[in-house]
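Following: one structure in structure tokens, then a few remarks.
Numbering (the working numbering), first residue to last: 41 to 203.
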């Protein structure tokens, strides 16, 4: 029992990392993953496509405002097309970011469970070590522009860049 408590005691400080310093970021975008029966039956919705583009722009603008430089990802665009979801590709994002000369790899995801329940996720990895520096997931209620904006704002402010 004491050994387990000691392990927890020493592991906690390792989880509390400093806020990542500004650097070069390969942002591979926010991917939309529709797990709902609605998507299977009705296909792609234009409003969700627009929200995904809005989320990509919001995250990119936030990163730039925090002093990060977004590196162009077009040099790896062909390989990126073959990856279903860079946020869930077993570290391929880090390898691609390294090839682009970035310090960090940033990926995002929206998982639609239903039209009421969606899960938003961001991952920030260190390219040199491949380690996850910051990651966060937040569930939102409602498939609206406002709920997506609030969700990503919360992720960035309170999970990815919390002090």
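Glycine included, every Cβ here is placed at the ideal spot set by N, Cα and C.
Report the three-state DSSP secondary structure of residue i (helix, strand or coil).
i	result
residue 111	coil
residue 154	coil
residue 121	helix
residue 180	strand
residue 168	coil
residue 46	Model confidence at residue 46 stands at a pLDDT of 37, short of 50, so the residue's coordinates are unreliable; what they give is reported in the following sentence. Reduced to three states, the DSSP call for residue 46 is helix.
residue 51	Residue placement at residue 51 is flagged as unreliable, the pLDDT there being 29, under the threshold of 50; a coordinate-derived value is accordingly withheld.
residue 163	strand
Residues in its own chain within less than 6 Å of residue i by CB, not counting five upstream and five downstream?
i	result
residue 64	109, 111, 142 and 143
residue 147	68, 126, 127, 133 and 163
Mind reading off the beta-carbon distance from residue i to residue j? Whole number of angstroms is fine, and I expect it under 8 Å.
i	j	result
residue 127	residue 163	6 Å
residue 95	residue 201	Their Cβ separation, rounded to whole angstroms, is 17 Å, which puts residue 95 and residue 201 out of contact at 8 Å.
residue 140	residue 116	6 Å
With a CB to CB cut of under 7 Å and the five nearest residues on each side skipped, what residues in its chain are close to residue i?
i	result
residue 131	170
residue 79	152
residue 185	91 and 94
Below 7 Å between beta carbons: does that hold for residue i and residue j?
i	j	result
residue 92	residue 68	no
residue 165	residue 135	no
residue 176	residue 158	no
residue 66	residue 113	yes
residue 161	residue 59	no
Which residue's Cα is closest to the Cα of residue i: the options?
i	options	result
residue 107	192, 113 and 99	99
residue 172	180, 185, 178 and 199	199
residue 197	103, 181, 117 and 139	103
residue 180	149, 118 and 97	149
Can you name, in chain order, every residue of its own chain whose Cβ lies under 8 Å from the Cβ of residue i, other than the five neighbours on each side?
i	result
residue 155	76, 78 and 183
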